[in-house]
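Inspection log for the structure reproduced underneath, given as structure tokens.
Numbering (the UniProt record's numbering), first residue to last: 1 to 470.
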């Protein structure tokens with residue numbers, strides 16, 4: 001009998017598969033079409049893995065699942081009476097598989113920056129986590145361990161925690177993925193199933209898309225965002241979990257090695273004591289690197305993807321776009337911290353220049369001044385230049401004490417706060433002949449006048465006159 005769907009499998013092979021799989025079904029389950037189709041599916045996988053492209057069986061070609069089902073119904077004795085409804089049973093089986101829960105694992109490396117993904121064997125296959133359908137009466141954790149072992153060849157039975165998982169509805173079924181961390185990047189991954197996994201690869205979490213319109217993923221990896229449909233729905237929760245786990249680890253490390261509190265010599269914190277502390281400290285803001293920029297520069301040196309397995313046959317079927325060169329580092333070198341800061345104009349200019357360069361790398365809003373704005377002549381005699389030096393000194397102090405600027409912050413060069421007075425006191429020590437920005441005097445820092453001495457006080461509201469009645 002001619003079956004629809006292209007080429008057929010040899011009848012002797014179909015008879016052998018019926019004996020292996022279909023005859024092993026208990027008689028009480030042979031009337032259950034869903035149970036029968038699960039056995040037909042396993043027989044189809046066995047045929048593709050062991051007969052197709054086998055030199056010992058040159059007559060065996062690849063057969064589609066629908067065609068294979070028709071052949072099984074034709075050759076199996078207890079199914080021949082129902083072969084007229086084969087197409088209907090295939091549709092019912094396809095709908096039933098859509099509601100079967102899926103379990104798998106999210107494998108993250110020890111640095112909490114990479115996640116392991118797999119790609120299917122077929123053409124135009126998408127990326128996803130190692131996962132699969134749960135068997136009858138199988139616990140979710142056992143299913144995840146089995147699927148990871150089959151698809152990537154890695155045993156997670158000793159490291160998976162059944163209480164840490166992420167769940168989403170994909171189509172009509174629930175997908176539950178267990179989070180497993182501290183997986184070695186150099187671990188050996190190889191699938192234990194044939195013609196199911198075409199490629200296994202590490203991806204950096206910050207380059208994976210969160211939705212189908214994310215263009216940054218293509219710029220970094222050369223892959224479109226629609227290739228990560230089953231991944232993008234979990235990315236936000238994964239990144240949130242990784243951030244919390246990193247914070248816990250940092251807190252734990254700090255608890256093991258507590259730092260000594262920094263004490264400032266002197267009870268009266270004036271410009272002179274601040275100047276002395278500047279002279280004794282080697283890690284000045286001009287030489288200390290921005291930690292956020294260092295983290296970004298270290299991350300930029302790491303590749304966006306690390307390929308660990310490629311099936312050569314699947315590689316011939318698929319055309320993967322080339323990944324752009326991401327190993328080129330664009331970060332600036334760290335400044336040297338070997339020189340001791342001395343109180344002169346050049347060091348203040350150097351601190352302002354370093355502060356401006358660090359603020360360009362940091363997302364925090366800081367004062368950005370060019371080193372060329374500070375004159376080479378140590379005798380500064382204009383009010384505008386003094387205001388620039390005052391703002392730059394305030395910015396250097398803020399970075400020295402690691403204080404984040406806020407709106408209406410105390411470290412404002414134009415306010416009358418102790419920080420601004422301290423900055424101006426420092427400038428008065430360095431440049432005693434500088435005039436003040438307001439009146440040109442050199443006696444004291446600029447302070448706002450008292451409330452009762454303002455030029456335009458608010459007029460008091462006069463009560464209306466009441467008419468006089470006799």
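No residue lacks a Cβ here, since even glycine has one placed at the ideal position from N, Cα and C.
Item checked: Proximity to residue 212 [Cα-Cα], best of 303, 143, 232, 159 -> 232
Notebook entry, point to check: Which class does residue 38 belong to by DSSP, given the choice of helix, strand or coil?
Noted result: helix
Check: Among 110, 130, 24, 179, which residue has its Cα nearest to the Cα of residue 166?
Finding: 179
Check: How do the segment 78 to 89 and the segment 130 to 150 stand: do at least 3 beta-carbon pairs fall below 8 angstroms, yes or no?
Finding: no
Next item on the list: Quick one: using the 10 Å Cβ neighbour count with 16 as the cut-off for buried, is residue 75 buried or exposed?
Entry: buried
Check: Measuring CB to CB, does residue 177 end up less than 8 angstroms from residue 104?
Finding: yes
Note to self: Taking 8 angstroms as the cut-off, does the segment 115 to 126 touch the segment 155 to 162 (at least 3 CB pairs, one atom from each stretch)?
What the structure shows: no
Margin query: Closest to residue 24 by C-alpha separation, out of 393, 187, 214, 38, would be which residue?
Written below: 38
Next item on the list: Note down, in chain order, each residue of its chain lying with its Cβ closer than 7 angstroms to the Cβ of residue 210, except the 5 sequence neighbours on either side.
Entry: 232, 235, 236
Notebook entry, point to check: Distance, Cα to Cα, residue 63 vs residue 196?
Noted result: 16 angstroms
Note to self: Measuring alpha carbon to alpha carbon, tell me which residue in 175, 168, 80, 169 is nearest residue 143.
What the structure shows: 175
Margin query: I'd like to check one pair, residue 118 with residue 128: are the Cβ atoms closer than 8 angstroms?
Written below: yes
Checklist line | Cβ-Cβ separation, residue 201 to residue 306 (assumed contact under 8 angstroms), whole Å | finding: 7 angstroms
Note to self: In this structure, how does DSSP classify residue 119 when only helix, strand and coil are distinguished?
What the structure shows: strand
Margin query: Taking the alpha-carbon of residue 193 as reference, which of 204, 120, 215, 139 has the nearest alpha-carbon?
Written below: 120
Note to self: On the DSSP letters alone, give me the boundaries of the alpha helix (DSSP H) that residue 256 sits inside.
What the structure shows: 229 to 256
Next item on the list: Name the one or two DSSP bridge partners that residue 7 has.
Entry: Per DSSP, none; premise fails for residue 7.
Item checked: Helix, strand or coil at residue 46 according to DSSP, with G and I counted as helix -> helix
Next item on the list: Give the DSSP bridge partners of residue 114, in chain order.
Entry: 204
Margin query: Could you compute how far the alpha carbon of residue 246 sits from the alpha carbon of residue 95?
Written below: 42 angstroms
Checklist line | residue 80 beta carbon less than 8 angstroms from that of residue 14 | finding: no
Next item on the list: Report the option in 97, 240, 243 whose CA atom is closest to the CA atom of residue 173.
Entry: 97
Margin query: Here's the rule I'm using: 16 or more other beta-carbon atoms within 10 Å means buried, otherwise exposed. How should residue 238 be labelled?
Written below: buried
Notebook entry, point to check: Could you give the residue range of the alpha helix (DSSP H) that holds residue 141?
Noted result: 140 to 151
Check: If you compare alpha carbons, which of 303, 230, 182 is closest to residue 222?
Finding: 303
Next item on the list: Sort out for me which residues DSSP pairs residue 166 with in a bridge.
Entry: 177
Notebook entry, point to check: Short check: CB of residue 43 to CB of residue 57, under 8 angstroms?
Noted result: no
Next item on the list: Report buried or exposed for residue 255, applying the criterion of at least 16 other Cβ atoms within 10 angstroms of its Cβ.
Entry: exposed
Margin query: Given the structure, does residue 159 come close to the ligand COA, in the sense that its CB is under 7 angstroms from one of the ligand's heavy atoms?
Written below: With respect to the ligand COA, the structure shown offers nothing to examine, as it has no ligands at all.
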